[in-house]
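Asker:
2 protein chains.
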Amino acid sequence: MADSSAVDALIEALRRLPGVGVKSASRMAFHLLQHDRDAMQRIARALQEAAAEVRHCERCNTFTEAPVCSVCLDARRDATKLCVVETPADQAALERTGAFRGYYFVLMGKLSPLDGIGPKDIGISKLFERALDGAVSEVILATNFTAEGEATAHVIGEALRQRGLTVTRLARGVPAGSELEYVDLGTIAHALVDRR
Amino acid sequence: MADSSAVDALIEALRRLPGVGVKSASRMAFHLLQHDRDAMQRIARALQEAAAEVRHCERCNTFTEAPVCSVCLDARRDATKLCVVETPADQAALERTGAFRGYYFVLMGKLSPLDGIGPKDIGISKLFERALDGAVSEVILATNFTAEGEATAHVIGEALRQRGLTVTRLARGVPAGSELEYVDLGTIAHALVDRR
Chain W
1 MADSSAVDAL
11 IEALRRLPGV
21 GVKSASRMAF
31 HLLQHDRDAM
41 QRIARALQEA
51 AAEVRHCERC
61 NTFTEAPVCS
71 VCLDARRDAT
81 KLCVVETPAD
91 QAALERTGAF
101 RGYYFVLMGK
111 LSPLDGIGPK
121 DIGISKLFER
131 ALDGAVSEVI
141 LATNFTAEGE
151 ATAHVIGEAL
161 RQRGLTVTRL
171 ARGVPAGSEL
181 EYVDLGTIAH
191 ALVDRR
Chain S
1001 MADSSAVDAL
1011 IEALRRLPGV
1021 GVKSASRMAF
1031 HLLQHDRDAM
1041 QRIARALQEA
1051 AAEVRHCERC
1061 NTFTEAPVCS
1071 VCLDARRDAT
1081 KLCVVETPAD
1091 QAALERTGAF
1101 RGYYFVLMGK
1111 LSPLDGIGPK
1121 DIGISKLFER
1131 ALDGAVSEVI
1141 LATNFTAEGE
1151 ATAHVIGEAL
1161 RQRGLTVTRL
1171 ARGVPAGSEL
1181 EYVDLGTIAH
1191 ALVDRR
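Top line first, the protein sequences correspond to chains W and S. Last residue of the first sequence: 196 in the working numbering, with the numbers rising by one and none dropped. Last residue of the second sequence: 1196 in the working numbering, with the numbers rising by one and none dropped.
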């Protein structure tokens, strides 16, 4: 598009980012070249450092630079409770609530047969190993409440129940601060069934 | 968010891309780390190469790796016609039509007082120098038909007319293939006024 193979190569490379097509990639490349060459160096260095240093925690599978992440190393946590989440962002959301003091396992994905993502592609065997270490008595499934997240919870839950663990799922119900009139029917129906 | 300063640094760096907030940046970082480490190296190298090698063409101001770009070096073009565009993407669109065989000048931006972008921030003095080289007799303003593009065309057009050049603007009218019923009123009004 520009008279430069380096610009074309940059546009092609930026298209590898998720959700970025050729128009967005061109806009990014032109913006960086015209207004923010400093950011180009910064992004390049951050990519190289992360690619070289970031690995998966041996215990919980999250991203970390150490063999075991700081949450797994925190000995004051309740070792009988293990919370299963899809991503580090989900784990961060749960941590911010301050309502859970057990350990986590981060799947780094969800079952999605349509995208060819099966049990082997998300760390399910690693999860089973972790959950059956003897200390864990309850596994809390905190995958998302989407079709894939529910399917993932179902598959994991069934397998762990068969191995003798207590398996629970985050409660479904009416979100805090909402008016019933504006809550969708599926959520109200779940809240009725799960009333307490 | 993750247990890794390298991941956090990567998310911060990716936020420097235009149109990318913290949610998109996290999604990009997690996707790359989990599924596409290869792309991380590729994007990093492309950024560094482009930052090091891409400069502005001395004649037309577009991105190029040589002192003068290949379009400006093409001696078979009509040196009496100079087409002013906002970006290399706009130039590429005009080239694809095959309807213009003159030279270009790429502003690499547009006047936008609200964003603090004045005449000095888009290469206007370089354009005047280029347009007044003696060979150019007609300047065709092909900035976008947005508020900023129109203002840019007005400012450049007035200045070049005062210096004795013929200044024209791309025609406004009904797009090819469209039905009048679905064309906006402003466009139809322009097409009526400019009827031929």
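Every residue gets a Cβ at the ideal spot worked out from N, C-alpha and C, and that includes glycine.
Given Met1040 (chain S), which residues of its chain have a CB within under 7 Å of its CB, disregarding the five upstream and five downstream residues?
Answerer: Cβ neighbours of Met1040 (chain S) beyond the five flanking positions: Leu1032.
Asker: For Leu1132 (chain S), which residues in the same chain have their Cβ closer than 7 Å to its Cβ, ignoring the five residues on either side in sequence?
Answerer: Around Leu1132 (chain S): Arg1163.
Asker: Give a yes or no on whether 8 Å exceeds the smallest Cβ distance from Ala75 (chain W) to chain S.
Answerer: no
Asker: How close, in whole Å, do the beta carbons of Arg42 (chain W) and Ala1013 (chain S) come, if the pair is a contact with beta carbons under 8 Å?
Answerer: 5 Å
Asker: Could you have a look at Lys126 (chain W) and say whether DSSP puts it in helix, strand or coil?
Answerer: helix
Asker: So Leu1127 (chain S) and Val1084 (chain S) are in contact, right, with Cβ under 8 Å, and what is the actual spacing, rounded?
Answerer: 7 Å
Asker: Using the beta-carbon of each residue, which ones in chain W are nearer than 9 Å to Ile1043 (chain S)?
Answerer: Leu10, Ala13, Leu14, Arg16, Leu17, Ile43, Ala44, Leu47
Asker: Would you call Lys1023 (chain S) buried or exposed, if buried means 16 or more other Cβ atoms sit within 10 Å of its Cβ?
Answerer: Lys1023 (chain S) is exposed by the Cβ-count criterion.
Asker: Less than 8 Å between the CB atoms is what I'm expecting for Leu1170 (chain S) and Ala50 (chain W), so what's the real figure, rounded?
Answerer: So it is not a contact: roughly 45 Å between Cβ atoms.
Asker: DSSP has His56 (chain W) in a bridge; who is on the other side?
Answerer: W:Phe63
Asker: Give the C-beta separation of Leu1111 (chain S) and Ile1122 (chain S) to the nearest angstrom, bearing in mind that I take them to be a contact with Cβ-Cβ under 8 Å.
Answerer: 7 Å
Asker: Tell me which residues of the region 126-151 of chain W have at least one Cβ-Cβ distance to chain S shorter than 9 Å, keeping chain order.
Answerer: none
Asker: What are the partner residues of Phe1105 (chain S), as DSSP defines its beta bridges?
Answerer: S:Val1084
Asker: Looking at Ala142 (chain W): is its Cβ nearer than 8 Å to the Cβ of Leu107 (chain W)?
Answerer: no
Asker: Applying the 10 Å Cβ sphere with the 16-neighbour rule, what's the burial state of Gly1134 (chain S)?
Answerer: exposed
Asker: Could you give the distance in angstroms between the alpha-carbon of Arg1077 (chain S) and the alpha-carbon of Tyr1182 (chain S)?
Answerer: 38 Å
Asker: So what does DSSP say about Ala89 (chain W), is it helix, strand or coil?
Answerer: Residue state, collapsed to three classes: helix.
Asker: Run through the DSSP bridge pairs and tell me what Asp1078 (chain S) is partnered with.
Answerer: S:Gly1102
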